[in-house]
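Read through the structure below, which is laid out as structure tokens, and then see the notes.
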Amino acid sequence: MTMMNACVLEEWNGSLSIDSVPEPEPGPGEVRVDVRACGVTRTIENAIRGGLADDPDLTPRIPGHEFAGVVDAVGDGVDGVSPGDRVLAYFYLTCGNCDACRRGDTNQCTNFGGWYGVNCDGAYADQAVIPASNALPLPDGASFREGAIATDGLATPLHVCRRTDVSDADTVLVIGAAGRIGIHLSQLAALRGARVLAAEIDDDRLEHVDAVTSDAVQPIDARGEDVADRLREATGGDGPTVVVDTVGDTATLEDAWNALAMGGQIVTLTTHHERSFAPPLKEFVVKEASIVGSRHATKEEVVRAARLLADGRIDPIVTDSVGLEDVPDVHDRIRNGESHGMAVLEP
Ligand SMILES: [Zn+2]
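Residues in the sequence shown are numbered consecutively from 1, following the UniProt record's numbering.
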């Protein structure tokens with residue numbers, strides 16, 4: 001039996017360890033991918049904590065779902081994907097047959113099977129087996145690192161911008177702008193012509209945002225008193241037209257609601273449990289405001305995200321490149337709130 005290295009989670013909310021495990025074989029309709037880059041992110045930390053599923057029967061588990069690599073072997077009945085193909089992975093296990101899948105809204109699949117890295121093994125390993133339909137073509141010119149970022153870090157912002165139709169008429173407030181979703185969303189909104197207010201609550205993060213974005217992105221300190229007033233002031237008085245909350249901090253969200261422009265939209269996309277936000281209904285009417293939920297991205301958006309990175313229209317923001325043996329430490333730092341930006345596992 002051929003063995004490989006993997007980062008294994010023994011139980012939900014448990015610790016990660018580096019083990020030698022049997023190399024997985026692709027079954028019918030599956031492909032095995034040689035992992036070249038995998039994001040080590042807060043989304044995966046949430047999954048490790050049991051935030052996506054916590055059935056004990058699903059462990060031990062190899063986490064990791066934001067990755068790109070090279071197809072190494074294919075199972076029976078696979079066509080359209082061959083060994084040697086460069087691919088990036090779509091991390092929702094979708095059915096391909098429901099109405100949502102057939103119209104291309106794969107993020108809305110009604111026979112949703114979960115996520116690899118949660119319901120089956122993921123990419124914190126030398127190799128990962130995924131359904132062939134989840135192995136999307138990595139565009140020429142996109143690096144594996146860019147592919148890994150595209151799968152979620154940029155595809156999710158693309159979906160947000162499509163849901164809200166962000167344009168040059170907008171001022172977009174990004175809450176949690178230094179995180180991987182926030183930093184790529186800030187760039188994308190600017191690319192679409194919007195003015196961007198990049199909100200953070202930490203000096204290092206504010207400096208980081210300033211250093212890696214263009215002049216269209218204005219860092220804004222969301223700490224302290226009168227945040228709503230300052231937000232409105234920064235827009236020239238009317239307030240942001242689109243607010244995107246990547247953090248799930250309800251205090252910041254309330255400030256953003258109070259600053260929101262007439263006709264404005266608030267987008268929520270975190271999956272953190274037990275947080276709610278409920279402004280009085282009358283205020284929705286008076287402001288003609290909308291709250292928009294945004295769930296990951298479609299397969300088409302994942303490929304489009306990789307193309308934006310390959311073309312150099314969006315900069316991939318990576319703060320650390322790490323090896324498999326470093327992954328448990330990176331998760332410790334994420335859990336302790338000591339990590340900002342994005343680490344990528346590059347075995
Ligand atoms: Zn489906």
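Yeah, the Cβ is synthetic: ideal placement off N, Cα and C, and Gly gets one too.
Closer than 7 Å to some heavy atom of ligand 1: that does not describe the Cβ of T2. Taken in chain order, the whole beta strand (DSSP E) runs of length 3 or more contained in the region 249-311 are 265-268 and 290-293. The C-beta distance from L16 to P328 rounds to 4 Å, short enough to fall under 8 Å.
Distances from the alpha-carbon of C109 to those of M4, M262, W115 and D99 put D99 closest. For Q127, there is no enclosing alpha helix (DSSP H); the residue is part of the beta strand (DSSP E) that begins and ends at Q127 to P131. M342 is classed as buried because its beta carbon has at least 16 other beta carbons within 10 Å across all chains shown. For ligand 1, no non-hydrogen atom lies closer than 7 Å to the CB of T298. For the pair A297 and L158, the CB atoms are nearer than the 8 Å cut-off. In terms of Cβ geometry, A150 and L188 do not form a close pair [threshold 8 Å]. The residue among D121, V35 and G77 with its C-alpha nearest the C-alpha of G323 is V35. Distances taken from the Cβ of N97 to the heavy atoms of ligand 1 include one shorter than 7 Å. Listed as beta-bridge partners of W115 by DSSP are Y92. K282 sits exposed, since fewer than 16 C-beta atoms from the chains shown fall within 10 Å of its C-beta.
Around the Cβ of F144, a 10 Å sphere holds 16 or more other Cβ atoms; the residue is buried. Judged by DSSP secondary structure, A37 falls within the beta strand (DSSP E) whose first and last residues are E30 to V40.
Relative to L136, the option among W115, G69, R102 and G193 whose CA is nearest is G69. The distance from the Cβ of C38 to that of V344 is about 7 Å, consistent with a contact at the 8 Å cut-off. At a threshold of 7 Å, N258 does not count as near ligand 1, since its beta carbon sits no closer than that to any of the ligand's heavy atoms.
Here A125 is buried. Its C-beta has 16 or more other C-beta atoms within 10 Å. The closest CA to that of E23, considering only A128, G236, V212 and R335, is found on A128. Ranked by Cα distance from V81, the options P28, T106 and Y116 are led by P28. Excluding residues up to 5 positions away in sequence, A6 and V8 lie with their Cβ nearer than 7 Å to the Cβ of D19 in the same chain.
Residue pairing by DSSP places F67 opposite C38 in a beta bridge. Checking the 7 Å criterion, the Cβ of N119 is out of range of every heavy atom belonging to ligand 1. In the pairwise beta carbon analysis, the region 71-86 is classified as not touching the region 54-61: fewer than three pairs are separated by under 8 Å. A straight line joining the alpha-carbon of E233 with that of P347 spans about 47 Å.
For C161, the shortest C-beta to heavy atom distance toward ligand 1 is 7 Å or greater. For ligand 1, no non-hydrogen atom lies closer than 7 Å to the CB of N107. Contact between the region 237-254 and the region 204-221 is not established, with fewer than three Cβ pairs separated by less than 8 Å. Note that the C-beta distance between T171 and A194 is below 8 Å.
Annotation for N111: C95 and C98 place their beta carbon closer than 6 Å to its own, counting only its chain and skipping 5 residues before and after.
Under the DSSP definition of a beta bridge, N97 lacks any partner.
With fewer than 16 other beta carbons inside 10 angstroms of its own, V285 counts as exposed.
Within the DSSP secondary-structure output, S321 pairs in a beta bridge with V344. The beta-carbon distance between I181 and T246, rounded to whole angstroms, is 5 Å. This is short enough to meet the 8 Å contact definition. Collapsing the DSSP output to three states places I44 in a helix.
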